[in-house]
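Chemist: Numbered as in my numbering, the sequence shown ends at 308 without a single skipped number.
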Amino acid sequence: MNQNLDALPSSSRDSHVRHRLHGVLLTGAGIFLLGTYITPGPWEKLQQETAAYGAPLSAALILFGLFILTAGRKLLQPGTTFREYYDAVVVAVGIALVIRTFLFEPFKIPSGSMIPTLLVGDYLFVQKYSYGFRVPYTTHRILMGEGPQRGDVAVFKYPEDPGKDYIKRIIGLPGDRILYVNKQLFINDQPVSYAPQGDFTYYNERDNKLEGQRFTEELPGKSHDMLIQSTPFAYPAGRFEYTVPPEHYFAMGDNRDNSNDSRIWGPVPAWRLVGRATMLFWSYDHHEASLMGKIRWGRIGSPVI
């Protein structure tokens, strides 16, 4: 027999309203987050991003929300052990999810494609709201503003495997004509200038010791350091020409002869953008012998430019 809420003690009314409200909020949050991991694939067909841990986490959040809806009334009574732990955990997890989804997300650099700007073992924050937000379950983006600017270091979902996050530099904007020949970059028929900065030695993700020549590249509106191999080999070989389509961006690694980028698999759709890399918060070099030497102290807190 159904009870009248007005006839219930205040603590019971509180738990009755609380479990329903929290159940709806948790379930809705799970459905929303799931939409950020269930995305249109290469042929605009919905698919789960490969190896995306967020999808099962979102599904677990949905199930937990349904559990609170159905069984949470007694569990959320004031004074119960479950409620004490529930309040602390839900608040902490909720704050973490809001920060990670809408504000900042940490990323680790696993490869050498962005050397010398980013080194293997760098950890950085990505500003999620820089390029707006993708509407869950769709390819539409809102609050994007002006979008990525030429020279931005951006994180995006790898178009050929959306479960992987890639980080590259934005070189071409929608409508730009890109030409790359003999290690020389042209944007809209204008050659990009390079100022030599000397030799550069580094270790890549396979622990191979490599050498290259460091240059300062003068992109329209922004300059940054980049690397070209000392050998005459150019990657990709031959002459590369491309016009960036609308709502797409052309991305390249700063380590020009060791980067899997838009020269190989094409432009980045705007809706696959994740955010702009902003600042390094940790950097670890496992080639150094001493523990303190492994930490690249001088890179911690430096901006990504």
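All residues carry an ideal CB built from backbone N, CA and C; glycine is no exception. Note that the structure is a prediction, hence the values are computed from the model and not measured.
1) Comparing alpha-carbon positions, which option in Phe-284, Gly-278, Leu-294 lies nearest Tyr-132?
2) Verify whether the separation of the beta carbon atoms of Pro-113 and Glu-208 is less than 8 angstroms.
3) Give every residue of the same chain whose Cβ lies closer than 7 angstroms to the Cβ of Lys-297, excluding the five residues on either side of it in the sequence, and list them in chain order.
4) Measure the Cβ-Cβ separation of Ser-265 and Ala-254 and say whether it is below 8 angstroms.
5) Less than 8 angstroms between the beta carbons of Ile-118 and Ala-280, yes or no?
6) Taking C-alpha atoms, which residue in Pro-162, Leu-294, Glu-250, Ser-61 lies nearest to Gln-152?
7) Rounded to whole angstroms, what is the Cα-Cα separation between Gln-216 and Pro-199?
8) Classify Leu-64: buried if its beta carbon has 16 or more other beta carbons within 10 angstroms, exposed otherwise.
9) Do you know how far the Cα of Gln-193 is from the Cα of Lys-225?
10) Measuring alpha carbon to alpha carbon, tell me which residue in Ile-181, Gln-130, Tyr-205, Gly-201 is nearest Val-309.
11) CA-CA distance, Ile-174 and Tyr-134?
12) Which value, in whole angstroms, describes the spacing of the CA atoms of Gly-309 and Gly-75?
13) Quick one: residues in its chain with C-beta nearer than 6 angstroms to the C-beta of Phe-189, no 5 flanking neighbours on either side, listed in chain order?
14) Mind checking who Arg-279 pairs with in its DSSP beta bridge?
15) Between the beta-carbon of Val-138 and the beta-carbon of Glu-108, is there less than 8 angstroms?
16) Are there 16 or more other CB atoms within 10 angstroms of the CB of Arg-242, so buried, or fewer, so exposed?
17) For Arg-86, which residues in the same chain have their Cβ closer than 6 angstroms to its Cβ, ignoring the five residues on either side in sequence?
18) Name the DSSP beta bridge partners of Ile-190, please?
19) In the DSSP assignment, find the alpha helix (DSSP H) that holds Leu-121 and state where it starts and stops.
20) Does DSSP put His-289 in a helix, a strand or coil?
21) Closer than 7 angstroms by C-beta to Leu-146: which residues in its own chain qualify, once you throw out the five before and the five after it? Chain order, please.
22) Beta-carbon separation of Tyr-197 and Gly-115 under 8 angstroms?
23) Output the boundary residues of the beta strand (DSSP E) element that contains Thr-141.
24) Would Thr-39 and Gly-68 be called neighbours here (beta carbons separated by less than 8 angstroms)?
25) So if DSSP puts Leu-222 in a beta bridge, which residue, or which two residues, is it bridged to?
26) Is Thr-53 buried or exposed, if buried means 16 or more other CB atoms sit within 10 Å of its CB?
Modeler: Reading from the atomic positions:
1) Counted from its first residue, the sequence shown places residue 132 at position 129. Selected option, being the one with the closest Cα: Gly-278.
2) As a position in the sequence shown, residue 113 is number 110, starting the count at 1. As a position in the sequence shown, residue 208 is number 205, starting the count at 1. Against a cut-off of 8 angstroms, the Cβ pair of Glu-208 and Pro-113 comes out as a contact.
3) Taking the first residue of the sequence shown as 1, we reach residue 297 at position 294. Contacts found: Tyr-287, Asp-288, His-289, Glu-291.
4) Locating residue 265 in the sequence shown gives position 262, where the first residue counts as 1. Locating residue 254 in the sequence shown gives position 251, where the first residue counts as 1. The answer is yes: Cβ separation under 8 angstroms.
5) As a first step, residue 118 is located in the sequence shown; it is residue number 115 there, counting from the start. As a first step, residue 280 is located in the sequence shown; it is residue number 277 there, counting from the start. Cβ atoms of Ile-118 and Ala-280: not closer than 8 angstroms.
6) The residue labelled residue 152 in the question sits at position 149 within the sequence shown. Looking at the Cα atoms, Glu-250 is the closest of the given residues.
7) In the sequence shown, residue 216 corresponds to position 213, counting from 1. In the sequence shown, residue 199 corresponds to position 196, counting from 1. Each residue's alpha carbon lies about 8 angstroms from the other.
8) The residue you call residue 64 lines up with position 61 of the sequence shown. In this structure Leu-64 is buried. Its beta-carbon is surrounded by 16 or more other beta-carbon atoms within 10 angstroms.
9) In the sequence shown, residue 225 corresponds to position 222, counting from 1. In the sequence shown, residue 193 corresponds to position 190, counting from 1. Looking at the backbone, the Cα of Lys-225 and that of Gln-193 are separated by about 15 angstroms.
10) The structure shown does not extend to residue 309, since the chain is modelled only from 4 to 308, so the question has no answer here.
11) Along the sequence shown, read from residue 1 onward, the residue named residue 174 stands at position 171. Along the sequence shown, read from residue 1 onward, the residue named residue 134 stands at position 131. Answer to the nearest angstrom: the Cα atoms are 16 angstroms apart.
12) Lying before the first or after the last residue shown, residue 309 is absent from the chain, which here runs from 4 to 308.
13) The sequence position of residue 189 within the sequence shown is 186, counting from 1. Result list for Phe-189: Leu-182, in chain order.
14) On the sequence shown, residue 279 is found 276 positions in, with the first residue counted as 1. Paired residue(s): Gln-130, Ala-157.
15) For the purposes of this step, residue 138 is taken as the residue at position 135 of the sequence shown. For the purposes of this step, residue 108 is taken as the residue at position 105 of the sequence shown. Against a cut-off of 8 angstroms, the Cβ pair of Glu-108 and Val-138 comes out as no contact.
16) In the sequence shown, residue 242 corresponds to position 239, counting from 1. Per the 10 Å Cβ criterion, exposed.
17) Numbered from its first residue, the sequence shown carries residue 86 at position 83. Leu-79.
18) The sequence position of residue 190 within the sequence shown is 187, counting from 1. Paired residue(s): Ile-181, Gln-193.
19) The residue given as residue 121 occupies position 118 in the sequence shown. Counting along the chain, Leu-121 falls outside any alpha helix (DSSP H), and DSSP gives it neither H nor E.
20) Numbered from its first residue, the sequence shown carries residue 289 at position 286. Three-state result, His-289: coil.
21) Residue mapping note: residue 146 aligns to position 143 of the sequence shown, counting from 1. The residues are Gly-135, Phe-136.
22) As a first step, residue 197 is located in the sequence shown; it is residue number 194 there, counting from the start. As a first step, residue 115 is located in the sequence shown; it is residue number 112 there, counting from the start. In this structure, Gly-115 does not lie closer than 8 angstroms to Tyr-197 by Cβ.
23) By 1-based counting over the sequence shown, the position of residue 141 is 138. Run containing Thr-141: none; DSSP gives neither H nor E here.
24) Numbered from its first residue, the sequence shown carries residue 39 at position 36. Numbered from its first residue, the sequence shown carries residue 68 at position 65. The answer is no: Cβ separation not under 8 angstroms.
25) The residue labelled residue 222 in the question sits at position 219 within the sequence shown. Bridge partners of Leu-222: Lys-225.
26) Taking the sequence shown and counting its residues from 1, one reaches residue 53 at position 50. The predicted model places Thr-53 with a pLDDT of 42, which falls under 50 and marks its position as unreliable, so this point remains unresolved.
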